[in-house]
Each structure stands twice: as structure tokens, then as C-alpha cells.
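S.K.: Here the sequence shown is numbered in the numbering used here, starting from 36 and rising by one per residue.
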Amino acid sequence: MANYKNSINDFRLPAEWEQQSGIQLTWPHANTDWKPYLEDITKVFVDMAKVITSEELLVVATPEIDTVRNQLSQELTKSQLDNVIFYDIDTNDTWARDHAPLTLITDSKETRVLDFKFNGWGEKFEWRKDNNITSQLNDCGAYNSDYENDTDFVLEGGSIESDGKGSVFTTTFCLMAEHRNQPLTREEVEERLLKSLHAKRIVWLDYGQLIGDDTDGHIDTIVRLAPNDTIIYNGCDDESDEQYNDFKSLEEQLHQIKTIDGQSYNLLRLPMPDAMYDDGERLPATYANFVITNKSVICPTYSQPTKDNIAMEVLQRAFPNHNIVGIDASTVVRQHGSLHCLTMQYPEGTLKTTRL
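#1: What is the residue span of the beta strand (DSSP E) that N184 lies within?
#2: Taking 9 Å as the threshold (C-beta atoms), are L240 and T205 in contact?
#3: Name the one or two DSSP bridge partners that N358 has.
#4: Given this structure, state the Cα-to-Cα distance separating E99 from Q109, to the nearest angstrom.
#5: Which residues does DSSP pair with N269 in a beta bridge?
#6: Suppose contacts are defined by Cβ-Cβ distances below 9 Å. Is E223 in contact with I237 by that definition?
#7: Determine the contact status of T97 and T126, defining contact as a CB-CB distance below 9 Å.
#8: Is the beta carbon of Q115 less than 9 Å from the beta carbon of T141?
#9: With the cut-off set at 9 Å, would you say D251 and W130 are in Cβ contact?
#10: What first and last residue would you give for the beta strand (DSSP E) that runs through V103?
#11: Looking only at its own chain, which residues have a Cβ that is under 6 Å from the Cβ of L190, when we skip the five neighbours before and after it?
#12: Is it true that the CB of T61 sits closer than 9 Å to the CB of V95?
#13: Start and end of the beta strand (DSSP E) containing Q55?
#14: At the level of alpha carbons, what is the spacing between A135 and C271?
#15: Could you tell me which residues DSSP puts in a beta bridge with P382?
#16: Which residues mark the beginning and the end of the alpha helix (DSSP H) in which A261 is found?
#17: Tell me whether the beta-carbon of V148 lies closer than 9 Å to the beta-carbon of Y178.
#18: Compare the C-alpha of N263 against each of S365, K200 and I254 and name the closest.
#19: Do F282 and M311 count as a contact pair if the criterion is CB distance below 9 Å?
#20: With a cut-off of 8 Å, do at least 3 Cβ pairs link the region 48 to 56 to the region 374 to 383?
#21: Determine the burial state of N105: buried for a count of at least 16 other Cβ atoms within 10 Å of its Cβ, exposed for fewer.
#22: For A96, which beta-bridge partners are listed by DSSP?
#23: Can you give the Cα-Cα distance for Y268 and A353, rounded to whole angstroms?
#24: When you compare each of H64, V332 and S338 to H357 by their alpha carbons, which one comes out closest?
#25: What span of residues does the alpha helix (DSSP H) with I87 cover, start to end?
#26: So, with DSSP's three-state summary, where would you put L285?
#27: Between which residues of its own chain and F188 is the CB-CB distance below 8 Å, once the five residues before and five after are set aside?
#28: Return the chain-ordered list of same chain residues with a C-beta closer than 8 Å to the C-beta of D273, the five sequence neighbours on each side being excluded.
#29: Can you tell me which of T328, A320 and N329 puts its alpha carbon nearest to the alpha carbon of A346?
#30: If I follow the unbroken beta strand (DSSP E) through D150, where does it start and stop?
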């Protein structure tokens, strides 16, 4: 990690638990990889929409506005439906965490959306439509915010975590993976993060890559930040699990990290879900991929009652003033992600309320 010497400025990258104006969902449709399980994944999206629209705005990007409006009108109350803003945008996929913008704020509630390049996690999948979603939302007048074009640099929202106080956490194996920002060195990548995110330091994690994670190891699948200098992380107790040594090393590294003020972090350990497979391929199931809304924390569950309940209890300790809501993510993980990967929050003041 390093401190950025020129970090005194008004803008900062807020923590996810700070007040939000809304959350984006990029809705699944038959021309995405969700086609074989479209009914099941749509139910997951509707369940998330119920929680979100009870508390804040929901931005829906979709090429099928009438279909999605009909789906939601059958499940949401009128007041909830009034909190949905639809935008007619064609999409490749649904992973808003990685193609939606990161948003900076000031203490006076000015906002600036940063539109980084999304390239399908190192050009593994088709990405060009999703890379254009943020600029299209901006052109549609979605943002009550300045817009900054950062598409000369590849950065996915799931690859970073911010505490809102100047510390940004990331993983070495993702940020330095092939087809992201080569030939930049780690030092050059760090300098860009510090400058673009107005951060004071970057904390690099070197362990804890889930098997089956085709993002090259996003931090939001293994380590999350919470209020009161708290780190929530995946543990692994099964010595026969091929991930055991890697996650033991992650735990040891986390114990060595200090806050920006030199204090120890409060560490909360999540269980590792029992291994899940699809056609013999291990899936990256994780409880760390939870979603924070204004009043709730949405915890992914996996039809594993004992571990599901332990995970929800851990999250309640981290967020004592939030409601903990479990949503089954078993379908989501079949496409190698979970609930947080499907969402992107917008800080208070970012969104306009114009509706189509």
C-alpha cells in the first residue's frame, strides 16, 4: 500500500453504506447468458427490486421496458413502482457492479460519475454494449451529476472496496490480470487509482481467489468493508478444501493491515458455503457478495440453512441498524457471480427522477 501525496481535495469515493439515492439493476433478457434460466433469475431480480424500491430509487437498464414494467407491476406496490426509473438501453449481460459508474461525492453533496472502461473481465466475454451503458444513461439525463470519461482505463466496480475515508482495497490478481491495463506496472495502476478515485492509499490483497471466479478475483467476493473500521471476510475451515491454504493466507494478511490512522481493524469472519457445482465445475459461492441499501443488507443464501444463518448473523453484527434480508443466490452463482455483482449504488444526490 502507499499514500497519495496529492490527495487533499473535496471529492472522495464514499462507502457503500453511506446514504444512497438509488441502485442500478441491468435486467436479464433472452439475449443474455441467462436464457436457460431466465424465469429463475428474473425472480431474483424482482426480489431485489422489492427491497430496493421500499427504500430508494431503482434504475433499470433494459431493452425490454414494457416486459420488465409488467413483471414488476405484478409484484410491487404502486409506491414501490413509482420508485423505478426505466431506461431503454441494449445490453450484453447483467453485471451492473462492473459496467456501471463509480461515483465521487463532496461534503456539500456534489457528485461526479466516473465512467471507466468495461471489457468483459479481460475480454473473456462480449462487452461492448455494456461498456456503453453509463454514457447512454448520461445522455438520457439520468444523472444529476458531472460526468467524467475514464474509458482509457479498465476498472470494474467489483474489484475495489472503499471505506469512504480515503482507503481503497483491491486485489493484486485482478488488477494486474491480462488484458486489463497492460503494459502498466502495479505502481502505475496504483497511481491511476489514487488520482481517479481521489484516494489517500491503496491496500493490495494478495490471497483469497475463489475457484470459479471468472473475474480474476474481485475483492467483493472475498473481503468487504463495514462501518467502525470493520473488515468482513471469507474464512475457510475445511482443511480438505483446495482453497483452504489460500484463504488462511488471506486471513493472516488481513490481521496485519492497519487503518489509515494506524489502528487495528475489527475483523468479522464469514463462513465458506459448502462447495457447489454445475456440470462438475465448482461455482464461486460466497456470502461476502452482499448488497447494502439505505435500510437493509441483502445477504446471498445458498439453501444451506446453518451457514446461511451464520452469515446473516455476522452481517447483523456489522450493520446493527440495518435489516438483514436473505435472497437465494443459487441461480446467480451458476453464472459465476452473486447479488452484489448485479447491483451498483448511486450516492445521495446522483440520480434525477425523470421517468420514461
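Note that beta-carbon positions come from the ideal geometry of N, C-alpha and C, so glycine has one too.
M.R.: In short:
#1: D181 to V189
#2: yes
#3: S331
#4: 16 Å
#5: L305
#6: no
#7: yes
#8: no
#9: no
#10: First-last for V103: I100 to S108, but that is the alpha helix (DSSP H), not the beta strand (DSSP E).
#11: F151
#12: yes
#13: Q55 to T61
#14: 31 Å
#15: BP columns for P382 point to Q55.
#16: A261 -> not in any alpha helix (DSSP H); beta strand (DSSP E) instead, spanning V258 to A261.
#17: yes
#18: K200
#19: no
#20: yes
#21: exposed
#22: Here A96 is bridged, per DSSP, to T61 and Y122.
#23: 11 Å
#24: V332
#25: L73 to T88
#26: In the structure shown, L285 sits in a helix (DSSP, three-state: H, G or I).
#27: F151, K152, N216, R227 and S231
#28: Y279 and M307
#29: A320
#30: Segment T146 to K152, the beta strand (DSSP E) holding D150.
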